[in-house]
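**Q**
This is how it looks when you write it as structure tokens:
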């Protein structure tokens, strides 16, 4: 399994209907046998899909990208100088997994450049990234039908240092659950409309537009390229198109 291959402590899978928010699957490992409850560890009885908090890291770059595109602060074709893979902000130096010079905004995400994404995030500022992320549910959204759901956390402060903005741009200083991350990507997938995750379809939820349809379409295309030719090629399914982001 992937958990074994990566020597991971835990893993989770969330499958949502991107239009309605209906949950089709919630699976997390390690799990337990309910018929042998007393033999299980307390830690393994958690529904990690709704309760496990983690820093999303590079998966958050799609959020920074969407905010930039939606506010007209960048275009997919614009060229970003990625500083040969190293960028010093304040007292911190951020590095890429390989040296990059000039990349288009699209390829900054396709090839997961930290330096390029930080430059995009600096255009938004900390408040700009936080406001957009909160609209997507980060730091506040709980799963309404299940106990133990965590609301997550996103840094809020009156004065943002350049280093804090840089870290947030690439997914640090924010803690999310797997469901929250899935909801954010579902919003991109459905054209920019909010959804409320539920076990059963909830027809009373009123969708709110989080981003322009053309923003969502541009981000979808870039995420599909991340899978077809970028850092996510290992996740490319046979016979299907897919979009995603490595983390």
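In the working numbering, the protein residues as written are 20 to 266.
Glycine included, every Cβ here is placed at the ideal spot set by N, Cα and C.
Note that the structure is predicted; figures quoted are calculated from it, not measured.
1) From what residue to what residue does the beta strand (DSSP E) around residue 105 run?
2) Rounded to whole angstroms, what is the Cα-Cα separation between residue 66 and residue 215?
3) Three-state secondary structure (DSSP) at residue 228?
4) Any chance the region 187-194 sits against the region 250-263, with 3 or more Cβ pairs inside 8 Å?
5) Between residue 101 and residue 80, what straight-line distance do the alpha-carbon atoms span, to the nearest angstrom?
6) Taking its Cβ as the centre, do 16 or more other Cβ atoms sit within 10 Å of residue 91, making it buried, or is it exposed?
7) So, under 8 Å CB-CB, residue 37 and residue 46 are touching, yes? Tell me the CB distance rounded to an integer number of Å.
8) Which same chain residues end up closer than 6 Å to residue 51 when comparing Cβ atoms and leaving out the 5 residues on each side of it in sequence?
9) With distances taken between CB atoms, is the gap from residue 132 to residue 119 smaller than 8 Å?
10) Per DSSP, which residues does residue 173 bridge with? Please list them.
11) Does DSSP put residue 30 in a helix, a strand or coil?
12) If you draw a straight line from the C-alpha of residue 127 to the C-alpha of residue 207, how long is it?
13) Given that a residue counts as buried once 16 or more other Cβ atoms are within 10 Å of its Cβ, and exposed if not, what is residue 107?
14) I need the boundaries of the alpha helix (DSSP H) containing residue 151, first residue and last residue.
15) Just to confirm, are residue 198 and residue 162 a CB contact at a threshold of 8 Å?
16) For residue 39, tell me which candidate among 219, 237, 238 and 143 has the shortest Cα-Cα distance.
17) For residue 83, name the three-state secondary structure that DSSP assigns.
**A** From the atom records:
1) Residues 105-108.
2) 18 Å
3) strand
4) As far as the Cβ criterion goes, the region 187-194 does not touch the region 250-263, which means the pair count is below three.
5) Spanning the alpha carbons of residue 101 and residue 80 requires a straight line of approximately 15 Å.
6) exposed
7) Rounded, the Cβ-Cβ distance is 18 Å, inconsistent with contact.
8) In chain order, 59, 63 and 64 place their CB closer than 6 Å to the CB of residue 51, counting only its own chain and leaving out the 5 sequence neighbours on each side.
9) yes
10) 193
11) strand
12) 18 Å
13) exposed
14) 133-154
15) Closer than 8 Å, so yes.
16) 219
17) helix
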